[in-house]
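**Q**
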């Protein structure tokens, strides 16, 4: 959510942001609605002021025992009260309509963000590692998993429907190793580990920016005001709703784990083989709340990216970093990087991590504030990035580390979390 005062003062800037982000919101209509709200608020406030003056007049007339004047003032006061009573529901409705429109207003992208319409316009800015050149017939991740009895999709689909899976044997251990590896590495960097609720109320999704637009991607628990989260980011944002944090406590740095759930609406027929695009997965998320300072946000933005790169490098996976364009980054982002790991069977990079900074866009929606050195209360800045999301990360990991004898080498960084095991299938 943007500051309404900023929108009023900079309508053309906000319109351009909406255009760049393929957002169809009508800013002129929002400002016209805002003028209605302000005008009606003034009318109601002026009427209340008249009520106060009448009240004083009634008291004075009573003191002077001027019964006729007192009765006339009382009658006039009743008319004013009826007017206010009639206008308050209208005002409440208009304020709610304005709030709902404000939720749809996009953030202003940083000038460094590439201008573009979709993921095809994202700009690669860094490459790391070399794609493996196999001297044998390499298998894709699904064939590898079947070969080593690492997955059971058929029975999982019987239980939970399409885009479901059940990890087996060393794949189950490998996923837990990845989660523990990521949590351990981030905790050693001073991030507070969290295991957060996988269910959250509506307000948490609104605060995070996934509602109202992304409701079709979220699973709802009917009649309970509860929804299944797609990332720990939702829960952490909700945890700090309506709080005022002590400035000296910032930045708050979290590494949060949760099961994650997504409807994958609009992806029918895409990535149906294996475990790339599924409804349930496990995710470790980096999350930061910091002071409302652009330079500090950019510092942590780059740091979150570096953290994720270190994790992927430790897994010995070739990858690239792309600067995400305005049309692909989403409404709330000021800037966004994606990390894409090389998938040998596809001969291309696929997204495994998303790193974002949002200034105070989420904090305003969630009313997350802090008190600065001068005692002034301000909205905080928030940032997030994936640490590990599995089973998607298993795809490049299994494919990249497959060996000529059909086994899969476990990266050294994961071996302490796998009881020292070096290979799967050997």
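Residue numbers (my numbering): 445 to 870. No residue lacks a Cβ here, since even glycine has one placed at the ideal position from N, Cα and C.
So, residue 595 versus residue 446, is the Cβ gap smaller than 9 Å?
**A** Their beta carbons are not under 9 Å apart, which means residue 595 does not touch residue 446 by this criterion.
**Q** Return the chain-ordered list of same chain residues with a C-beta closer than 6 Å to the C-beta of residue 591, the five sequence neighbours on each side being excluded.
**A** Nothing meets the Cβ criterion.
**Q** I need the straight-line Cα distance from residue 515 to residue 504, nearest angstrom please.
**A** Spanning the two alpha carbons is a distance of roughly 12 Å.
**Q** Along the chain, where does the alpha helix (DSSP H) containing residue 708 start, and where does it finish?
**A** First-last for residue 708: undefined, no H or E at that position.
**Q** Output needed for residue 635: all residues of its chain with C-beta closer than 8 Å, excluding positions within five of it in sequence on either side, in chain order.
**A** Closer than 8 Å at the Cβ level, and outside the excluded window around residue 635, lie 697, 698, 699 and 730.
**Q** Got a sec, what are the start and stop residues for the beta strand (DSSP E) residue 599 sits in?
**A** Not the beta strand (DSSP E): residue 599 falls in the alpha helix (DSSP H), residues 597 to 604.
**Q** Between which two residues does the alpha helix (DSSP H) containing residue 522 stretch?
**A** 511 to 546 is the span of the alpha helix (DSSP H), which, as asked, contains residue 522.
**Q** How is residue 867 classed by DSSP in three states: helix, strand or coil?
**A** Correct three-state label for residue 867: strand.
**Q** Grab the span of the alpha helix (DSSP H) containing residue 451 for me, first residue to last.
**A** Residues 448 to 453.
**Q** Which residue marks the beginning of the alpha helix (DSSP H) containing residue 503, and which one marks its end?
**A** Where residue 503 is concerned, the enclosing alpha helix (DSSP H) stretches over 471 to 507.
**Q** Could you say if the segment 816 to 825 and the segment 847 to 854 meet the contact criterion of at least three C-beta pairs nearer than 8 Å?
**A** They do not touch, by the three-pair rule.
**Q** Excluding the five sequence neighbours on either side, which residues of its own chain have a C-beta within less than 8 Å of the C-beta of residue 481, listed in chain order?
**A** For residue 481, where only same-chain residues beyond five positions count, the Cβ hits under 8 Å are 535, 538, 539 and 542.
**Q** Do residue 768 and residue 798 come within 9 Å of each other at the CB atom, strictly closer than that value?
**A** Yes, the Cβ-Cβ distance between residue 798 and residue 768 is below 9 Å.
**Q** Using the rule of at least 16 other Cβ atoms within 10 Å of the residue's Cβ for burial, across every protein chain shown, is residue 511 buried or exposed?
**A** By the 10 Å Cβ count, residue 511 comes out exposed.
**Q** What's the C-alpha gap between residue 681 and residue 630?
**A** Residue 681 and residue 630: Cα-Cα distance of roughly 19 Å.
**Q** What does DSSP give as the partner residues of residue 559 in its beta bridges?
**A** Paired residue(s): none; residue 559 is not in a bridge.
**Q** Is the beta carbon of residue 834 sitting closer than 9 Å to the one on residue 583?
**A** For residue 834 and residue 583, no; Cβs fall outside 9 Å.
**Q** Since residue 845 is in the alpha helix (DSSP H), which residue starts that stretch and which ends it?
**A** Element bounds for residue 845: n/a, residue is neither H nor E.
**Q** Do residue 802 and residue 777 have their C-beta atoms closer together than 9 Å?
**A** The answer is yes: Cβ separation under 9 Å.
**Q** In this structure, does DSSP put residue 654 in helix, strand or coil?
**A** Here residue 654 sits in coil by DSSP.
**Q** For residue 785, which option in 839, 560 and 732 has the closest C-alpha, if you only look at C-alpha atoms?
**A** It is 839 whose Cα lies nearest to the Cα of residue 785.
**Q** Quick one: what does DSSP say residue 568 is sitting in, helix, strand or coil?
**A** Residue 568: strand per DSSP, three-state reduction.
**Q** Would you identify the three-state DSSP class for residue 587, choosing helix, strand or coil?
**A** Correct three-state label for residue 587: helix.
**Q** Less than 9 Å between the beta carbons of residue 623 and residue 467, yes or no?
**A** The answer is no: Cβ separation not under 9 Å.
**Q** Assuming residue 735 contacts residue 814 under a Cβ cut-off of 8 Å, what Cβ separation, rounded to an integer in Å, is found between them?
**A** With a Cβ gap of about 7 Å, residue 735 and residue 814 count as contacting.
**Q** If you run the structure through DSSP and keep just helix, strand and coil, what is residue 468?
**A** DSSP places residue 468 in coil when its eight states are reduced to three.
**Q** In this structure, what does DSSP give as the bridge partners for residue 786?
**A** According to DSSP, which records beta bridges pairwise, residue 786 is partnered with 793.
**Q** Exposed or buried, what is residue 848 when buried is set at 16 or more other beta-carbons lying within 10 Å of its beta-carbon?
**A** By the neighbour-count rule (16 or more Cβ atoms within 10 Å), residue 848 is not buried but exposed.
**Q** Can you name the residues that DSSP bridges to residue 734?
**A** 825, per the DSSP bridge assignment.
**Q** Please confirm whether residue 775 and residue 566 have their CB atoms less than 9 Å apart.
**A** No, the Cβ-Cβ distance between residue 775 and residue 566 is not below 9 Å.
**Q** With distances taken from CA atoms, which of 528, 845 and 689 is nearest residue 819?
**A** Comparing Cα-Cα distances from residue 819 to each of 528, 845 and 689, the minimum goes to 689.
**Q** Mind checking which residues open and close the alpha helix (DSSP H) that includes residue 625?
**A** Unbroken alpha helix (DSSP H) run through residue 625: 613 to 632.
**Q** Take the Cβ of residue 665 as the centre, count every other Cβ of all protein chains shown within 10 Å, and call the residue buried at 16 or more, exposed below.
**A** Per the 10 Å Cβ criterion, exposed.
**Q** Kindly confirm or deny that the segment 491 to 502 and the segment 454 to 466 touch, where touching means at least three C-beta pairs closer than 8 Å.
**A** The segment 491 to 502 vs the segment 454 to 466: no contact.
**Q** Go ahead and label residue 564 buried or exposed: buried means 16 or more other beta carbons lie within 10 angstroms of its beta carbon, across all protein chains shown.
**A** Residue 564 comes out exposed.
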